[in-house]
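As structure tokens, the structure follows; a few thoughts come after it.
There are 2 protein chains.
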Amino acid sequence: MSNIQESAHQLEVAIQESDEFKDLKAAYEKVMNEPSSREMFDNFRNVQLELQQKQMQGLEITEEEVEKAKSVVELVQQHEDISKLMEQEQRVNMLINDISRTITKPLEELYSAE
Amino acid sequence: MSNIQESAHQLEVAIQESDEFKDLKAAYEKVMNEPSSREMFDNFRNVQLELQQKQMQGLEITEEEVEKAKSVVELVQQHEDISKLMEQEQRVNMLINDISRTITKPLEELYSAE
Ligand SMILES: [Ca+2]
Ligand SMILES: [Ca+2]
């Protein structure tokens, strides 16, 4: 294994063992283990994915679709376990973004050198 | 420093010390140190950035702009030092992509668990 692969694997393990990731896992499992929560969360993700895909394909998003997405977000925000899950997702995303900034620093420094 | 920050920093150093990154740095410096190469490369990057920004803003890209971009790409591909630099960029990008896949594995595994 190269130094890079070794360091990347160490980082993977550190992420898995972090409080942020453990809390996300617990929040995710809590939602997945309650069928009504799971259905609501799956529905929320499907609506979001559909809109993202349309956006990426440059397709028009109708007013009805925007309204539907808004009401699904409002619904899950009022659901204690799902809103907790979404908070934990955001914490882990911030962690991953911090890491990405760190590992792309050498490239950024190179290209901003002159 | 947390384990994550420590591992991320080790990874940053491993990237900086990798052959891939060192070769990219050498190729970049070779282009930057030759004014005519540098001008051609800067022009190429500006044309690409402009098109990317237009695309992200959902603006229409004219046929003239597509033709201009194509001819700039053809020009830099024939330039030995710049085409070498672009190859090295691709190698480092592949490296970074591999790393990204590794560090997002815990998340992927969590969300594909059920
Ligand atoms: Ca540095
Ligand atoms: Ca794993």
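Chains A and X, in that order, are what the protein sequence lines are. If you count the first sequence from 1, position 11 lands on 11 in UniProt numbering, and the numbers rise without skipping. If you count the second sequence from 1, position 42 lands on 42 in UniProt numbering, and the numbers rise without skipping. Ideal placement from N, C-alpha and C gives every residue a C-beta, glycine not left out.
Nearest neighbour of residue 124 of chain X, chosen from A:12, A:72, A:73 and A:109 [CA to CA]
Residue coverage of chain X in this structure runs from 1 to 114, which leaves residue 124 of chain X outside it and unanswerable.
For residue 31 of chain A, tell me which candidate among A:5, A:69 and A:82 has the shortest Cα-Cα distance.
By 1-based counting over the first sequence, the position of residue 31 of chain A is 31. Among A:5, A:69 and A:82, the Cα nearest to that of residue 31 of chain A belongs to A:82.
Restricting to runs no shorter than 3 residues, where is the beta strand (DSSP E) found entirely within the stretch 61 to 111 of chain X?
Runs of the beta strand (DSSP E) inside the stretch 61 to 111 of chain X: none found.
Determine, using beta carbons only, whether residue 53 of chain X comes closer than 8 Å to chain A.
The count along the second sequence starts at 1 and reaches residue 53 of chain X at position 53. No - not a single Cβ of chain A is within 8 Å of the one on residue 53 of chain X.
Compute the beta-carbon to beta-carbon distance between residue 72 of chain A and residue 41 of chain A, rounded to the nearest angstrom, for a pair I have assumed lies under 8 Å.
Here residue 72 of chain A corresponds to residue number 72 of the first sequence, with the count starting at 1. Here residue 41 of chain A corresponds to residue number 41 of the first sequence, with the count starting at 1. 10 Å between Cβ atoms; not a contact.
Would residue 95 of chain A and residue 4 of chain X qualify as a contact pair, given that the criterion is a beta-carbon distance under 8 Å?
For the purposes of this step, residue 95 of chain A is taken as residue 95 along the first sequence, with counting starting at 1. For the purposes of this step, residue 4 of chain X is taken as residue 4 along the second sequence, with counting starting at 1. Yes, the Cβ-Cβ distance between residue 95 of chain A and residue 4 of chain X is below 8 Å.
Would you kindly report the start and end of the unbroken alpha helix (DSSP H) that includes residue 12 of chain X?
Indexing the second sequence from 1 puts residue 12 of chain X at position 12. Looking at the DSSP string, the run of the alpha helix (DSSP H) that includes residue 12 of chain X is 3 to 16.
For the alpha helix (DSSP H) containing residue 27 of chain X, name the first residue and the last one.
The residue you call residue 27 of chain X lines up with position 27 of the second sequence. Its alpha helix (DSSP H) spans residues 19 to 32.
Would you list, in chain order, the members of the stretch 69 to 86 of chain X that have their beta-carbon closer than 7 Å to a beta-carbon of chain A?
Closer than 7 Å at the C-beta level to chain A, one finds no residue of the stretch 69 to 86 of chain X.
Given residue 27 of chain A, which residues of its chain have a CB within under 6 Å of its CB, disregarding the five upstream and five downstream residues?
Counting from 1 along the first sequence, the entry for residue 27 of chain A is found at position 27. Cβ neighbours of residue 27 of chain A beyond the five flanking positions: 84, 85 and 88.
Taking DSSP as the reference, what is the three-state secondary structure of residue 53 of chain X?
Within the second sequence, the letter at position 53 stands for residue 53 of chain X. In the displayed model, residue 53 of chain X falls within a helix according to three-state DSSP.
Please confirm if residue 107 of chain A has its CB atom under 8 Å from at least one CB of chain X.
Taking the first sequence and counting its residues from 1, one reaches residue 107 of chain A at position 107. Residue 107 of chain A counts as touching chain X.
Taking Cβ positions only, does residue 3 of chain X come closer than 8 Å to chain A?
Within the second sequence, residue 3 of chain X is the residue found at index 3, counting from 1. Chain A contact via Cβ: present.
Which residues, in chain order, does the stretch 5 to 27 of chain A contribute to contact with chain X at a C-beta distance below 9 Å?
5, 6, 7, 8, 9, 10, 11, 12, 13, 14, 15, 16, 17, 18, 20, 21, 24 and 25: these are the residues of the stretch 5 to 27 of chain A whose beta carbon lies less than 9 Å from some beta carbon of chain X, given in chain order.
Report yes if the CB atom of residue 7 of chain X is closer than 8 Å to the CB atom of residue 18 of chain A, and no otherwise.
Translated into the one-based positions of the second sequence, residue 7 of chain X becomes position 7. Translated into the one-based positions of the first sequence, residue 18 of chain A becomes position 18. The Cβ-Cβ distance between residue 7 of chain X and residue 18 of chain A does not fall below 8 Å.
Check whether the Cβ atoms of residue 92 of chain X and residue 49 of chain A sit closer than 8 Å, and answer yes or no.
As a position in the second sequence, residue 92 of chain X is number 92, starting the count at 1. As a position in the first sequence, residue 49 of chain A is number 49, starting the count at 1. In this structure, residue 92 of chain X keeps its C-beta atom at 8 Å or more from the C-beta atom of residue 49 of chain A.
Close Cβ partners of residue 68 of chain A (< 8 Å) along its chain, the five nearest in sequence each way excluded
The residue labelled residue 68 of chain A in the question sits at position 68 within the first sequence. A distance below 8 Å between beta-carbons, with the five flanking residues on each side excluded, links residue 68 of chain A to the following residues of its chain, in chain order: 47.
Chain-ordered neighbours of residue 31 of chain A on chain X, where CB pairs are closer than 7 Å
Position 31 of the first sequence holds residue 31 of chain A. Proximity of chain X to residue 31 of chain A at the Cβ level (cut-off 7 Å) is not reached, the minimal Cβ distance being about 11 Å.
Please report the straight-line C-alpha distance between residue 103 of chain A and residue 20 of chain A, rounded to a whole angstrom.
Indexing the first sequence from 1 puts residue 103 of chain A at position 103. Indexing the first sequence from 1 puts residue 20 of chain A at position 20. Approximately 20 Å, taken between the alpha carbons.
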